[in-house]
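Residue numbers (the working numbering): -15 to 370.
Working notes, beginning with the structure itself.
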């Protein structure tokens, strides 16, 4: 019988494999496959279109029978970079700080990945009534690109009950906002700056676009969509103008300018309608400019009914009585479009993620392991109906 896997040892190895979104995640996928190469486990590797990255789909136990029974644990293998100042220890080395583990990706979300891998190895030695599936994706941090790839070709159906292991401080989250990424491109004509009449400056109208988007942002902040009561801190569609790029040199009339912006639609909102709000705000400001607005990525909101079995069962296990929502997006919104009942649940705090000295409380990691094992007993060993 293959040996059991220690989640802390797995976490140590996982964070040591740098899997920032700018790199291939295949070394990390190789490591997971190596650890799960044992009887009773089937693994499918799903490459990205360019072959540089891949999703992992792991099944333990019987094949899906179409009923949706079993349990899916989903997480992303990529992390944000660790280029920021303020790290007190090497970011890709797991450091023990007494009550916590510190490393890039420790809470977002390699702690959950380690727990899922260890649980899969444990259950592989047991007869299961329903399957346990692991879905590990690439490029969640870039807009759930791996989840979108999986949704386009899911293959064998996954168990309907799905836990997406984002850091929620062990809260069960059934709702989150989406993330709609748009790009405004302004086009002009290049010329030597000594002869500006021969060109068209593409940066100048960007000022009008920025003013129009700022006015729309203020307008959105005054509105309260239908699900606003679940997002008390930011109960509106947040709009962020995150990047402005244009020009090549100070002595050249710029022929293009690009503005990247993101919006956070609430559950129940139509992304197309949000895009039209932006387009309408820009149309008046850019009447004399050559411009286009395109959708770069759409990570949809999540809105799982409170009565869904996975929400009720997991909330019961952690003693939670009220519904929880979060303002960030995740793979769950995309996976829900496949008919999966998704909740977010994982150790660590989102406030510690994407920051220097990202950390994972040891007690939360241990407790999350206990909860996931209990949930798997209910869904996979006992084969509870979905």
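Even glycine gets a Cβ: it sits at the ideal position worked out from N, Cα and C.
Reference residue i, options the options, closest by Cα
i	options	result
residue 246	82, 127 and 154	127
residue 324	40, 120 and 142	142
residue 45	118, -11 and 282	118
residue -7	9, 19, -14 and 4	19
residue 168	-4, 189 and 176	189
residue 320	306, 175 and 131	131
residue 187	171, 175, 58 and 179	171
residue 176	197, 152, 237 and 271	237
residue 263	193, 287 and 282	193
residue 387	253, 230 and 233	Outside the modelled stretch of the chain, which goes from -15 to 370, sits residue 387, for which no answer is possible.
residue 120	231, 308, 37 and 64	37
residue 113	271, 52 and -2	52
residue 261	232, 282 and 197	197
residue 365	8, 129, 13 and 106	106
residue 233	174, 69, 219 and 251	174
residue 68	337, 292 and 287	337
residue 82	74, 347 and 49	347
residue 99	-2, 34 and 63	-2
residue 224	200, 230, 212 and 129	200
residue 241	250, 42, 248 and 231	231
residue 58	42, 47, 48 and 66	42
residue 219	309, 49 and 17	309
residue 13	96, 54 and 122	122
residue 129	293, 359, 317 and 358	317
Length of the line joining the Cα atoms of residue i and residue j
i	j	result
residue 149	residue 207	31 Å
residue 276	residue 71	41 Å
residue 330	residue 6	25 Å
residue 26	residue 352	24 Å
residue 326	residue 266	36 Å
residue 56	residue 209	31 Å
residue 205	residue 284	20 Å
residue 91	residue 151	6 Å
residue 243	residue 184	18 Å
residue 256	residue 60	27 Å
residue 361	residue 298	12 Å
residue 374	residue 29	For the chain, the structure presents residues -15 to 370; residue 374 sits outside this window and is missing.
residue 135	residue 40	13 Å
residue 133	residue 32	7 Å
residue 278	residue 166	6 Å
residue 217	residue 312	12 Å
residue 137	residue 102	27 Å
residue 93	residue 78	13 Å
residue 147	residue 328	6 Å
residue 296	residue 227	41 Å
residue 140	residue 350	31 Å
residue 179	residue 239	14 Å
residue 356	residue 0	24 Å
residue -5	residue 3	13 Å
residue 332	residue 35	32 Å
residue -11	residue 104	9 Å
residue 286	residue 145	14 Å
residue 63	residue 268	39 Å
residue 288	residue 11	34 Å
residue 116	residue 213	35 Å
residue 65	residue 97	18 Å
Start-to-end residues for the beta strand (DSSP E) that takes in residue i
i	result
residue 42	38 to 44
residue 230	222 to 230
residue 195	Here residue 195 belongs to no beta strand (DSSP E); instead the alpha helix (DSSP H) covers 188 to 205.
residue 86	84 to 86
residue 59	55 to 60
residue 250	That residue, residue 250, is in no beta strand (DSSP E); it is neither H nor E in DSSP.
residue 26	25 to 31
residue 326	325 to 328
residue 165	163 to 171
Residue i: CB within 6 Å of a non-hydrogen atom of the ligand NAP
i	result
residue 247	The ligand NAP is not part of this structure, which contains no ligands at all.
Range covered by the alpha helix (DSSP H) that runs through residue i
i	result
residue 295	293 to 302
residue 264	255 to 269
residue 17	10 to 19
residue -4	-9 to 0
residue 279	Not the alpha helix (DSSP H): residue 279 falls in the beta strand (DSSP E), residues 274 to 283.
residue 356	346 to 360
residue 317	315 to 320
Taking only runs that begin and end inside the stretch 98 to 157, name each unbroken beta strand (DSSP E) of 3 or more residues, in chain order.
116 to 121 and 145 to 148
Three or more C-beta pairs below 8 Å linking the stretch 85 to 93 and the stretch 341 to 351:
yes
Pairs of beta-carbons, one from the stretch 300 to 312 and one from the stretch 154 to 169, closer than 8 Å: are there three or more?
yes
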